[in-house]
Amino acid sequence: MTALRERMIRIFYPNRCVICDRALPPGPVVCEDCTPKLLTYPKGRKAVCPICGFKEKDCTCGKWRYYDRSVFPVYFEGDMRRSVHAFKFNGRLDKAKPLAALIIDVLHQRDMLPGIDCITYVPMGKNRLRKRGYNQAQQLAHAIGKETGLPVDDLLYKCQDTPSQHDQNAIRRQGNLLGVYEPYPDKLDAINGKRILLTDDIITTGATLNEAAKTLLIFGAKTVYVCAAAGRRRQIQNPKASS
1 MTALRERMIR IFYPNRCVIC DRALPPGPVV CEDCTPKLLT YPKGRKAVCP ICGFKEKDCT
61 CGKWRYYDRS VFPVYFEGDM RRSVHAFKFN GRLDKAKPLA ALIIDVLHQR DMLPGIDCIT
121 YVPMGKNRLR KRGYNQAQQL AHAIGKETGL PVDDLLYKCQ DTPSQHDQNA IRRQGNLLGV
181 YEPYPDKLDA INGKRILLTD DIITTGATLN EAAKTLLIFG AKTVYVCAAA GRRRQIQNPK
241 ASS
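Structural data, given as structure tokens:
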């Protein structure tokens, strides 16, 4: 890219905070106001669960977890919720690179990148992919791969379309996804014995990533780590409200 072209792009498409969309000078991906929203994973402290990546009070771990560890940089709320929705539903593919930068930062904090053989992503059903035109998880995977130098591979496909996960409760999320992912037949060698980083846009209960990770393990993956752009806090129901 020529210097003139880069300047023109910056004029018409200025750098923006990936969380609140505020215009920024070239370089940073998060503004000063949004920086405190970023999660950090300090070594030797238990403020964040080492497995699911949530703060201890929001921990989503359970006996059914198939992946080794998960990580995300920001909670899925407020401006970040709007940002991820714009990326996911409104074609804001310009957000893939800065979101990937945030993910890479926390991956480094957790020392999860060394030893990774390849990056893959949670696939979408054919109908939803055709309607949306892109898979946001795939966009994130390629952005992470480009920055880290790790190869990105299409390992899984969704063999049946299922109802959208975002409006399902935790139990239905798990049942909604049983057996829906399969590896491409020509990718078995790329899975067997490999350490794989699995990417998605949002971690809620972990059901989607868990089912995809289980499929990879069934077909011989050695280790599966997962990452996402944001994590949704679990909703604790008020007993008085439900009575």
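Using the working numbering, the first residue of the sequence shown is number 1, and each one after it goes up by one.
For glycine and all other residues, C-beta sits at the position ideal for the given N, C-alpha and C.
All of these numbers come straight from a predicted model, not from anything done at the bench.
With a cut-off of 8 Å on the beta carbons, I'd call residue i and residue j a contact; round off their distance for me.
{"i": "LEU197", "j": "TYR66", "result": "Not a contact, Cβ separation roughly 14 Å."}
{"i": "THR199", "j": "LEU140", "result": "5 Å"}
{"i": "GLY145", "j": "ILE119", "result": "5 Å"}
Between the Cα of residue i and those of the options, spot the shortest distance and give me the residue it belongs to.
{"i": "VAL253", "options": "ALA207, ILE191, SER70 and CYS52", "result": "The chain is shown only over 1 to 243; residue 253 falls outside these bounds and no answer can be derived."}
{"i": "PRO123", "options": "ALA23, LEU24, PHE219 and LEU209", "result": "LEU209"}
{"i": "HIS108", "options": "LEU129, PHE54, PHE72 and ARG81", "result": "PHE72"}
{"i": "ALA137", "options": "ARG92, ALA228 and LEU150", "result": "ALA228"}
{"i": "ASP201", "options": "LYS37, GLU56, GLY91 and TYR121", "result": "TYR121"}
{"i": "LEU129", "options": "GLN160, LEU113 and HIS142", "result": "GLN160"}
{"i": "ALA211", "options": "THR40, TRP64 and LEU38", "result": "Per the sequence shown, the amino acid found at residue 211 is Glu instead of Ala. For GLU211, the nearest C-alpha among the options comes from TRP64."}
{"i": "ILE103", "options": "LEU39, CYS20 and PRO25", "result": "LEU39"}
{"i": "CYS20", "options": "THR60, ARG81 and CYS52", "result": "ARG81"}
{"i": "HIS85", "options": "ALA143, ASN135, LEU156 and LYS55", "result": "ASN135"}
{"i": "PRO50", "options": "ASP94, PRO25, PHE87 and MET112", "result": "MET112"}
{"i": "THR131", "options": "VAL152, GLY91, LEU155 and ASP153", "result": "A quick correction: the sequence has Lys, not Thr, at residue 131. Taking only the C-alpha atoms, the option nearest LYS131 is GLY91."}
So what does residue i bridge to, in DSSP terms?
{"i": "ARG56", "result": "According to the sequence provided, residue 56 is Glu. The question's Arg does not apply to it. In DSSP, GLU56 forms no bridge with anything."}
{"i": "GLY255", "result": "The chain is shown from 1 up to 243; residue 255 falls before or after that span and cannot be answered."}
{"i": "GLU182", "result": "TYR157"}
{"i": "ALA23", "result": "ARG16"}
{"i": "ARG195", "result": "THR223"}
{"i": "SER70", "result": "VAL226"}
{"i": "TYR121", "result": "THR199"}
{"i": "VAL48", "result": "LYS55"}
{"i": "VAL152", "result": "ILE119"}
Under 8 Å, do residue i and residue j count as touching if we go by C-beta distance?
{"i": "PRO98", "j": "VAL18", "result": "yes"}
{"i": "PHE76", "j": "ARG232", "result": "yes"}
{"i": "ALA230", "j": "VAL74", "result": "yes"}
{"i": "THR204", "j": "PRO183", "result": "no"}
{"i": "GLU147", "j": "ALA101", "result": "yes"}
{"i": "ASP105", "j": "CYS34", "result": "no"}
{"i": "LYS158", "j": "GLY125", "result": "yes"}
{"i": "ARG195", "j": "ASP58", "result": "no"}
{"i": "ILE191", "j": "GLY220", "result": "yes"}
{"i": "ARG16", "j": "ARG69", "result": "no"}
{"i": "ALA23", "j": "PRO14", "result": "yes"}
Counting beta carbon pairs with one atom in the stretch 184-193 and one in the stretch 22-31, are three or more of them shorter than 8 Å?
no
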